[in-house]
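Shown next, in structure tokens, is the structure this report addresses.
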Amino acid sequence: MDNIYDLLLLNIDLLLLILIRVTGIFVIAPVFGRNNLPMTMKVGISLLMAFILLPILSTSASIHYSNFIELAIYSVNEFLIGIIIGFIGFLYFSTLYLAGTIIDTQMGFSMVNVLDPQTNTQMPIMGNYYNILFTLLFLLFDGHHFLIRALVYSYDMLPVGVAFTIGEEGIYGLTLILMEVFILAFRFSAPVLATIFLANVLLGILARTMPQMNVFIVGMPLKVMVGLLTVLITLQFIVPFSERLFDSMFHSLQVFIDIISRG
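Under my numbering, the first residue of the sequence shown is numbered 76, with each subsequent residue one higher.
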């Protein structure tokens, strides 16, 4: 017990900086950053992770500062590193919101949104549905463990107190991530887009062959039925797509950490 007290007293500044980086992840990262998680729970887990990392990093990390301003600069750097890790994970989860918006627009649900407790904003119905489903798969596949591994990996590439910059290569890497998010969202929503496009073609043919039929009255429930049926059929591809999405997320995390470590 005395050794623990001595470790904390000798490395209280290091513990503070570790806690700040961990806290940055809990601000925006998937699962960890949800607003409906109790704040005491977030603080408790952050402290626990910081206590676990302290003995590991105390042997290799060295903090040198002469005044409070330098310590504040170190704290801001650590918080930004945690925010970057969480933000990249959040970007890949936004694939589901983008795909849900595309699907809802085609099905006629674009004006019917629900409140997302994670961001306290209005989200599309299908996007919220897929977000809940992929969050469960994320926990099932131990994705939260991989986020913690990414945090530990960041200390290998970006030690405590390091100064980093996001240069041209970092901006290019972030652009590639955004491109990949858009492509994944389009591929995920492609089956619904294709089936509803065929339904619209069918409605156009019926409108030309039977002018007395009100296409607007028939078309709305038809597109909803076709869209929901397609969503039900494509549920079998959710697990393979989620594996690809999570693999891309963790690979991009590692690559982006490597990029900013090179400056």
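Idealized CB from N, CA, C, for every residue including glycine.
Using the rule of at least 16 other Cβ atoms within 10 Å of the residue's Cβ for burial, across every protein chain shown, is residue 334 buried or exposed? Per the 10 Å Cβ criterion, buried.
Taking Cβ positions, are residue 160 and residue 104 nearer each other than 8 Å? Their beta carbons are under 8 Å apart, which means residue 160 touches residue 104 by this criterion.
Figure out for me which residue from 170, 318, 315 and 92 has the closest Cα to the Cα of residue 121. For the residues 170, 318, 315 and 92, the minimum Cα distance to residue 121 belongs to 92.
Between the Cα of residue 325 and those of 176, 184 and 226, spot the shortest distance and give me the residue it belongs to. Out of 176, 184 and 226, 226 has the C-alpha closest to the C-alpha of residue 325.
Roughly how many angstroms lie between the CA atoms of residue 146 and residue 88, to the nearest whole one? Rounded to the nearest whole angstrom, the CA to CA distance from residue 146 to residue 88 is 9 Å.
Near residue 102, which residues of its chain fall below 7 Å by C-beta distance, leaving aside the five closest residues on each side in sequence? Contacts found: 108, 158 and 161.
Outcome for residue 125 when other beta-carbon atoms lying within 10 angstroms are tallied against a minimum of 16: It counts as buried.
Alpha-carbon to alpha-carbon, residue 275 and residue 328: Cα to Cα, the separation comes out at about 41 Å.
How long is the line joining the alpha carbons of residue 241 and residue 127, rounded to whole angstroms? Straight-line measurement puts the Cα of residue 127 at about 29 Å from the Cα of residue 241.
Within a Cβ cutoff of 8 Å, which residues of the same chain sit near residue 337, ignoring the five residues on either side of it in sequence? Result list for residue 337: 244, in chain order.
As assigned by DSSP and simplified to three states, the class of residue 114: Assignment of residue 114 by DSSP, reduced to helix, strand and coil, places it in the helix class.
Helix, strand or coil for residue 288, going by three-state DSSP, please let me know. Looking at residue 288 - three-state DSSP - the assignment turns out to be coil, as it is neither helix nor strand.
Between which two residues does the alpha helix (DSSP H) carrying residue 139 extend? For residue 139, there is no enclosing alpha helix (DSSP H), as DSSP gives it neither H nor E.
Determine the direct distance from the alpha carbon of residue 112 to that of residue 54, and round the result to whole angstroms. This structure gives no information on residue 54, because the portion of the chain shown stretches from 76 to 338.
Just to confirm before moving on: does the CB-CB distance between residue 259 and residue 180 stay below 8 Å? In this structure, residue 180 does not lie closer than 8 Å to residue 259 by Cβ.
Give the range of the alpha helix (DSSP H) segment to which residue 100 is assigned. In the DSSP assignment, residue 100 falls within the unbroken alpha helix (DSSP H) covering 87-103.
How many Å lie between residue 300 and residue 211 at the Cα? Each residue's Cα considered, the two are about 26 Å apart.
Who are the near neighbours of residue 96 in its chain, counting only those whose CB is closer than 6 Å to its CB and skipping five residues on each side? 153, 156 and 157.
If residue 202 and residue 175 are in contact, beta carbons under 8 Å, what's the gap, nearest whole angstrom? That pair is a contact at about 2 Å.
Label residue 142 either buried or exposed according to how many other C-beta atoms from any shown protein chain fall within 10 Å of its C-beta, with 16 as the threshold for buried. It counts as exposed.
Can you check whether the CB of residue 332 is closer than 8 Å to the CB of residue 232? Contact flag set, yes.
Of all the options 150, 320, 117 and 144, which has the alpha carbon lying nearest to the alpha carbon of residue 236? Nearest to residue 236 by alpha-carbon distance, out of 150, 320, 117 and 144, is 150.
My assumption, with CB atoms under 8 Å, is that residue 106 sits in contact with residue 214. Please give the rounded CB distance. Going by Cβ atoms, the distance from residue 106 to residue 214 rounds to 7 Å, so yes, they are a contact pair.
Select from 129, 118, 261 and 123 the residue whose C-alpha is nearest the C-alpha of residue 230. Taking residue 230 as reference, the option from 129, 118, 261 and 123 with the minimal CA-CA separation is 129.
Assign residue 99 to one of two classes, buried (16 or more other C-beta atoms within 10 Å of its C-beta) or exposed (fewer than that). In this structure residue 99 is buried. Its beta-carbon is surrounded by 16 or more other beta-carbon atoms within 10 angstroms.
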